Amino acid sequence: MATSVRCVSPFAETKKPPPPVVLLLLQTALDVHTSTGLVVHEDLENHLPSAKKMVMLAPTSALEHTYPPPPIIEVPIPAPRMLTHKIIENHADWKVEAQETALIKTTIHQLVDRLLDTTKALSDQKDDLLQQVFKEAAVMHPVLRNYNSDWVTRCIVQARLKATAASASAWANKTTVAEMDNVVKKWHTRSSSKFEIVAMDVDPDPPNDNGDHGGNRRIQELSPSKVRVVTGLQHEAYENISRAFTE
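Shown next as structure tokens:
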């Protein structure tokens with residue numbers, strides 16, 4: 001007798017098939033356990049996330065501060081071959097800004113007025129005091145060390161002394177002329193003769209064989225009608241006039 005096989009569907013029963021969600025859950029392995037509360041340090045895995053690499057950028061010249069001044073250069077700038085003691089801003093090797101230049105000049109002017117004889121020229125100053133001016137100026141303004149032999153400071157010092165010495169000389173000449181004018185007034189009260197004193201901006205006469213200046217000799221020989229005083233001999237001329245006309 002032949003055996004017949006009949007396929008029976010699992011859903012042939014009268015029961016309703018389970019919902020799709022139940023079938024999905026039956027096919028999925030879930031590791032469900034009861035929560036023990038807050039996660040503590042011991043519950044963490046012994047695995048640290050890879051740290052992010054940070055790229056450090058070197059500071060650029062645009063981000064660097066411009067004050068204090070840049071470091072001293074290794075090779076100082078030499079003085080120009082044809083150095084003229086003109087305004088420092090006119091030198092091609094002077095690259096400092098105008099505001100800082102004004103501060104440097106003010107500092108050096110104060111040092112000159114405090115340490116040097118402002119009635120004398122640069123060549124007549126004491127070397128130790130002059131070196132002190134150079135040293136203190138370089139300490140207060142390190143940019144001056146970039147220039148060899150303090151030639152920048154020397155230019156500013158010479159310009160300052162030239163101005164102060166000229167002012168002192170003008171004041172001395174003015175004072176001397178005023179003193180001589182007083183002598184003239186005294187002579188006018190004692191004599192009917194009239195004469196005047198004229199200050200002339202010319203070089204004095206060279207000394208004669210006896211070592212006397214021609215200007216002095218000429219003043220002594222002139223009559224009281226007119227006396228000319230040569231600049232540079234005003235003090236000596238005043239003494240001659242005082243001795244000749246007031247005794």
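For the sequence shown, UniProt numbering assigns the number 1 to the initial residue and increments by one for each residue that follows.
Ideal Cβ positions, reconstructed from N, Cα and C, are used throughout, including at glycine.
Given the structure is predicted, the values throughout are model-derived calculations rather than measurements.
Original post:
When you compare each of Trp94, Ser167, Ala165, Val139 to threonine 107 by their alpha carbons, which one comes out closest?
Top reply: Along the sequence shown, one-based indexing puts residue 107 at 107. Out of Trp94, Ser167, Ala165, Val139, Val139 has the C-alpha closest to the C-alpha of threonine 107.
Original post:
Under the rule that 16 or more other beta-carbon atoms within 10 Å means buried, what is aspartate 150, buried or exposed?
Top reply: Taking the first residue of the sequence shown as 1, we reach residue 150 at position 150. Buried.
**OP:** State the CB to CB distance for the pair threonine 118 and threonine 164, rounded to an integer number of angstroms; the pair is presumed to be in contact (CB under 8 angstroms).
**Re:** In the sequence shown, residue 118 corresponds to position 118, counting from 1. In the sequence shown, residue 164 corresponds to position 164, counting from 1. Yes, they are in contact, since the Cβ atoms of threonine 118 and threonine 164 sit about 4 angstroms apart, within 8 angstroms.
Original post:
Are the beta-carbon atoms belonging to proline 78 and asparagine 148 less than 8 angstroms from one another?
Top reply: The residue you call residue 78 lines up with position 78 of the sequence shown. The residue you call residue 148 lines up with position 148 of the sequence shown. Yes, the pair counts as a contact, with Cβ atoms nearer than the cut-off.
**OP:** If I'm right that glutamine 158 touches leucine 122 with Cβ under 8 angstroms, what's the distance once you round it to whole angstroms?
**Re:** In the sequence shown, the residue the question calls residue 158 occupies position 158. In the sequence shown, the residue the question calls residue 122 occupies position 122. Confirmed, about 5 angstroms.
Original post:
Can you tell which of Asp124, Ala98, Pro20 has its C-alpha closest to the C-alpha of leucine 161?
Top reply: Within the sequence shown, residue 161 is the residue found at index 161, counting from 1. Ranking Asp124, Ala98, Pro20 by Cα distance to leucine 161 puts Asp124 first.
Original post:
Which value, in whole angstroms, describes the spacing of the CA atoms of glutamine 99 and phenylalanine 134?
Top reply: Sequence index remark: in the sequence shown, residue 99 carries index 99 (1-based). Sequence index remark: in the sequence shown, residue 134 carries index 134 (1-based). Straight-line Cα distance between these residues: approximately 20 angstroms.
Subject >> Contacting residues, own chain, Cβ-Cβ under 6 angstroms from lysine 105 (five flanking each side not counted) >> reply: The residue given as residue 105 occupies position 105 in the sequence shown. Cβ neighbours of lysine 105 beyond the five flanking positions: Ile156.
Original post:
Should threonine 101 go down as buried or exposed, given a rule of 16 or more other Cβ atoms within 10 Å for buried?
Top reply: The residue you call residue 101 lines up with position 101 of the sequence shown. Looking at its Cβ environment, which holds 16 or more other Cβ atoms inside 10 Å, threonine 101 is buried.
Subject >> cysteine 7 to valine 21 span [Cα, whole Å] >> reply: Mapped onto the sequence shown, residue 7 falls at position 7. Mapped onto the sequence shown, residue 21 falls at position 21. Taking the straight line joining both Cα atoms gives about 27 angstroms.
Original post:
So what's isoleucine 77 in DSSP terms, helix, strand or just coil?
Top reply: Locating residue 77 in the sequence shown gives position 77, counting from the first residue. Note: isoleucine 77 maps to strand in three-state DSSP.
**OP:** Output the boundary residues of the alpha helix (DSSP H) element that contains aspartate 128.
**Re:** Counting from one through the sequence shown, the residue named residue 128 turns up at place 128. Looking at the DSSP string, the run of the alpha helix (DSSP H) that includes aspartate 128 is 127–140.
Subject >> glutamine 27: first and last residue of the uninterrupted alpha helix (DSSP H) it sits in >> reply: Within the sequence shown, residue 27 is the residue found at index 27, counting from 1. Run containing glutamine 27: none; DSSP gives neither H nor E here.
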